[in-house]
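Counted from 1, the sequence shown has number 107 at position 15 by our numbering; the numbering is strictly sequential. Remarks on the structure that follows.
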Amino acid sequence: MSLTFSIIKPDATKRNITGSINELIEKNGLRIIAQKRIKLTNKQAEQFYDVHNDKPFFRDLIEYMTSEPVVVQVLSSDNAVKKYREVMGATNPDNAADGTIRKLFALNVQENSVHGSDSEENAKKEIEFFFNENEIVG
Ligand code: CMP
């Protein structure tokens, strides 16, 4: 079993579809082993997305990610990073495959309903950014 990190984003919490997204996560064989609903601070969002700080969409991204609560999660399965990226679909919902979370729920490339780690290394860093060891109970 391996782990990945997920965020259910503001566009989704605002529309009250956290449960619908969790249902898809679970139906696709991922287990939600830790989860909390929080409101990101500007500082947290800027730190989390620091890799994008030179992108034209950075300020909009920070404003959006702090606009409503998010649900941060730790997911486990075989090949969790790869599996969750398949379940999420492409970043831009126009390019996302049928049946994926983003195809079903995302509004546009920014308000794309979920985030998932892009590598094992980043999964570890992102999980540690939001969770203590004693909050991940399997
Ligand atoms: P995420 O996978 O969380 O990583 C960076 C986020 O920036 C992305 O999802 C989107 O929410 C947001 N974003 C906004 N515009 C773009 C864009 N043009 N390309 C990629 N990501 C974008």
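Don't be surprised by glycine CBs; every beta carbon is placed ideally from N, CA and C. As the structure is a computational prediction, the values presented were derived from the model and not from experiment.
S169 carries a strand assignment under DSSP once its states are collapsed to helix, strand and coil.
A direct Cα-Cα distance of roughly 22 Å separates I130 from L122. Closest option to S209, judged by alpha-carbon separation, among Y141, K135, D103 and M93: Y141. K128 and I100 have their C-alpha atoms spaced approximately 10 Å apart. Comparing alpha-carbon positions, the option among F97, L95, D103 and T96 lying closest to V201 turns out to be D103. The closest CA to that of F222, considering only E118, Q136 and I109, is found on Q136.
Rounded to whole angstroms, the Cβ separation of E218 and F97 is 4 Å, and the two are in contact under 8 Å. Counted as a single uninterrupted DSSP element, the beta strand (DSSP E) harbouring A126 occupies residues R123 to I130. Out of K175, V166 and D152, the CA that lies nearest to the CA of E225 is found in V166. 8 Å or more divides the Cβ of V179 from the Cβ of T158.
Straight-line measurement puts the Cα of P185 at about 25 Å from the Cα of D170.
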